[in-house]
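K.L.:
Here the sequence shown stands for residues 2 to 289, numbered as in our numbering. Think of the CB as a built atom: it goes at the ideal place given N, C-alpha and C, for glycine as much as any other residue. Structure provided below as structure tokens; questions to follow.
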Amino acid sequence: MANMPDSPRGTAKDDQTEKPVEPESHAESLVQHATDNQVCRITLNRPEALNAITPDQRERIIQLLADASADPAVRAVVLTGTGRGFCAGADLRGGSAAGQRVPGDVARTIRLGAQRLIAAVLDCEKPVIAAVNGTAAGLGAHLAFACDLVLAAESARFIEVFVRRGLVPDGGGAYLLPRLIGPQRAKELMFFGDALSAPDAERLGLVNRVVPDEELDKTAREWAERLATGPTRALALTKQLVNASLDTDRTTAFAAEAAAQEINMTTEDAREGVASFVERRGAEYKGR
């Protein structure tokens with residue numbers, strides 16, 4: 002399943018009452034959300050638990066990513082955390098690792114939980130940047146690796162912590178890592194569970210760029226705002242093509258590429274891109 006962070010226990014309740022305002026505001030405090038300059042910023046906010054994710058937080062992140070896909074006012078997403086941790090994985094302290102289980106319970110939990118979270122990032126129709134501010138362990142590491150671009154602070158660390166708990170990697174780790182760095186490197190990280198520094202993660206190709214801690218927010222904002230001024234639908238289709246490329250043969254990939262081009266050429270941004278080239282001026286994309 003996922004790691005159990007060595008940090009104080011935290012809980013997130015989302016009980017429905019006659020006045021839903023307070024539960025909603027509590028959920029928002031655990032996963033902060035703001036949109037500015039067409040960039041949606043999602044911030045995990047349980048620093049005392051290194052931002053280990055509770056089920057309530059997971060569901061909120063999934064919903065926010067779905068909302069970002071559907072909202073024309075959002076053209077890029079930044080995912081980050083507060084404090085010393087980006088995300089220490091799934092918070093298992095609220096459940097019991099012991100006791101009798103009904104066959105199928107674990108597979109169902111993973112399928113409906115960690116895998117849905119990673120799929121929400123991969124399927125988001127807007128580019129998603131991970132701004133990794135600290136430790137990313139277990140599911141937290143996979144949450145970062147699922148993003149389209151990964152920025153890491155110099156102090157960040159990535160840990161395939163599952164083996165330390167006697168667990169099999171979840172959250173798509175065995176799917177993502179071999180595609181990013183090859184099977185041998187992926188096995189090395191998963192078999193030993195050693196902490197990987199941000200520079201080493203960059204060297205392996207897991208991170209796009211490492212920046213000083215104090216420059217992480219600024220760099221993430223600059224990258225996101227640059228993406229937010231780009232041709233949004235073209236970026237969405239490009240993301241879809243790249244994500245599917247390693248799972249398809251050449252014939253299928255070429256057919257998908259042609260179909261994506263057909264769809265994209267109906268957008269206003271594509272027409273603007275061609276017109277700006279012909280008229281020898283800068284393009285002004287509107288995300289339509």
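Taking 6 Å as the limit between beta carbons, can you name the residues of its chain near R165, skipping five residues before and five after?
P.N.:
Taking the sequence shown and counting its residues from 1, one reaches residue 165 at position 164. So the qualifying residues of the chain are G194.
K.L.:
Starting from A312, follow the beta strand (DSSP E) in both directions and report where the run begins and ends.
P.N.:
The shown model of the chain, from 2 to 289, leaves out residue 312, and the question about it has no answer.
K.L.:
Would A71 pass as a contact of T36 if the rule is Cβ separation under 8 Å?
P.N.:
Locating residue 71 in the sequence shown gives position 70, where the first residue counts as 1. Locating residue 36 in the sequence shown gives position 35, where the first residue counts as 1. It is not a contact, given that the beta carbons lie outside the stated cut-off.
K.L.:
Taking C-beta to C-beta, are L118 and I62 nearer than 8 Å?
P.N.:
Translated into positions along the sequence shown, residue 118 becomes position 117. Translated into positions along the sequence shown, residue 62 becomes position 61. It is a contact, given that the beta carbons lie within the stated cut-off.
K.L.:
On a CA-only basis, which of A221, A257, E269 is nearest Y286? Give me that one, please.
P.N.:
Stepping through the sequence shown from its first residue, residue 286 is reached at position 285. For the residues A221, A257, E269, the minimum Cα distance to Y286 belongs to E269.
K.L.:
Please report how far the alpha carbon of D250 lies from the alpha carbon of A256, in whole angstroms.
P.N.:
Numbered from 1 along the sequence shown, position 249 holds the residue referred to as residue 250. Numbered from 1 along the sequence shown, position 255 holds the residue referred to as residue 256. Looking at the two C-alpha atoms, the distance is approximately 10 Å.
K.L.:
Just mark V211 as buried or exposed, buried being the case when its beta carbon has 16 or more other beta carbons within 10 Å.
P.N.:
By 1-based counting over the sequence shown, the position of residue 211 is 210. Buried, because 16 or more other Cβ atoms sit within 10 Å of the Cβ of V211.
K.L.:
Over what stretch of residues does the beta strand (DSSP E) that includes L80 continue unbroken?
P.N.:
Taking the sequence shown and counting its residues from 1, the one referred to as residue 80 is at position 79. Residues 77-82.
K.L.:
Identify the residues that DSSP records as bridge partners of A154: which are they?
P.N.:
On the sequence shown, position 153 is the one that residue 154 refers to. Per DSSP, V212.
K.L.:
Run the CB neighbour count on N38, radius 10 Å, all protein chains shown included, and call it buried at 16 or more, exposed below.
P.N.:
Locating residue 38 in the sequence shown gives position 37, counting from the first residue. Classification of N38: exposed, given that the 10 Å Cβ count is below 16.
K.L.:
Against chain D, does V169 count as a neighbour if the rule is that its beta carbon must be under 8 Å from one of theirs?
P.N.:
Within the model displayed, chain D is absent; a lone protein chain is all it includes.
K.L.:
Of the residues L31, Q33, N52, A77, which one's Cα is nearest the Cα of G223?
P.N.:
Sequence index remark: in the sequence shown, residue 223 carries index 222 (1-based). In the sequence under discussion, the amino acid at residue 223 is Glu, which differs from the Gly named in the question. Checked all of L31, Q33, N52, A77; the closest Cα to E223 is A77.
K.L.:
Which value, in whole angstroms, describes the spacing of the CA atoms of T136 and R234?
P.N.:
Here the question's residue 136 lines up with position 135 in the sequence shown. Here the question's residue 234 lines up with position 233 in the sequence shown. Roughly 33 Å between the two C-alpha positions.
K.L.:
In the DSSP assignment, find the beta strand (DSSP E) that holds G174 and state where it starts and stops.
P.N.:
To locate residue 174, count along the sequence shown from 1; it is residue 173. Careful: G174 lies outside any beta strand (DSSP E), inside the alpha helix (DSSP H) at 174-182.
K.L.:
How would you call E29, buried or exposed, if buried means at least 16 neighbouring beta carbons within 10 angstroms?
P.N.:
Within the sequence shown, residue 29 is the residue found at index 28, counting from 1. It is exposed - the Cβ of E29 has fewer than 16 other Cβ atoms within 10 Å.
K.L.:
Could you tell me which residues DSSP pairs with R42 in its beta bridges?
P.N.:
The count along the sequence shown starts at 1 and reaches residue 42 at position 41. Bridge partners of R42: A35, V79.
K.L.:
Kindly confirm or deny that the stretch 99-113 and the stretch 130-145 touch, where touching means at least three C-beta pairs closer than 8 Å.
P.N.:
no
K.L.:
DSSP has T268 in a bridge; who is on the other side?
P.N.:
As a first step, residue 268 is located in the sequence shown; it is residue number 267 there, counting from the start. DSSP lists no partner for T268.
K.L.:
Take M191 and list the residues in its own chain whose beta-carbon comes closer than 8 Å to its own, dropping the five residues that flank it on each side.
P.N.:
As a working mapping, residue 191 is identified with position 190 in the sequence shown. E161, F163, V164, P170, G174, A175, L178, listed in sequence order.
K.L.:
Leaving aside the five residues before and after A1 along the sequence, list all residues of the same chain whose C-beta is less than 8 Å from its C-beta, in chain order.
P.N.:
Past the boundaries of the shown model lies residue 1; the chain is included only from 2 to 289, so the question cannot be answered.
K.L.:
Taking a contact to mean a Cβ-Cβ separation below 8 Å, would you say D218 touches S156 in this structure?
P.N.:
In the sequence shown, residue 218 corresponds to position 217, counting from 1. In the sequence shown, residue 156 corresponds to position 155, counting from 1. No; because the gap between Cβ atoms is not below 8 Å, this pair is not in contact.
K.L.:
Flag this pair as yes or no: are the beta carbons of A290 and L236 separated by less than 8 Å?
P.N.:
No statement about residue 290 is possible, as the shown extent of the chain runs from 2 to 289 and does not include it.
K.L.:
Classify P200: buried if its beta carbon has 16 or more other beta carbons within 10 angstroms, exposed otherwise.
P.N.:
Here residue 200 refers to the residue found at position 199 of the sequence shown. Exposed, because fewer than 16 other Cβ atoms sit within 10 Å of the Cβ of P200.
K.L.:
Beta-carbon separation of A311 and C41 under 8 Å?
P.N.:
Absent from the model: residue 311. The displayed extent of the chain is 2 to 289, so no value can be given.
K.L.:
Does DSSP put L93 in a helix, a strand or coil?
P.N.:
Counting from 1 along the sequence shown, the entry for residue 93 is found at position 92. Coil.
K.L.:
Buried or exposed, going by whether 16 or more other CB atoms sit within 10 Å of the CB of K20?
P.N.:
As a working note, residue 20 is residue 19 in the sequence shown. The pLDDT assigned to K20 is 36, lower than 50, so where the model puts this residue is not dependable; a value taken from the coordinates is nonetheless given after this. Looking at its Cβ environment, which holds fewer than 16 other Cβ atoms inside 10 Å, K20 is exposed.
K.L.:
Taking the straight line between their C-alpha atoms, what separation do you get for S97 and I264?
P.N.:
The residue labelled residue 97 in the question sits at position 96 within the sequence shown. The residue labelled residue 264 in the question sits at position 263 within the sequence shown. Its pLDDT being 45, under 50, S97 is placed unreliably by the model, and nothing is read from it.
K.L.:
Considering I63, what are the terminal residues of the beta strand (DSSP E) in which it resides?
P.N.:
The count along the sequence shown starts at 1 and reaches residue 63 at position 62. Looking at the DSSP string, I63 is not in any beta strand (DSSP E); the run it does join, the alpha helix (DSSP H), is 56-71.
K.L.:
Using 10 angstroms around the beta-carbon of P104, count the other beta-carbons present and answer buried if the total reaches 16, otherwise exposed.
P.N.:
Along the sequence shown, one-based indexing puts residue 104 at 103. Exposed.
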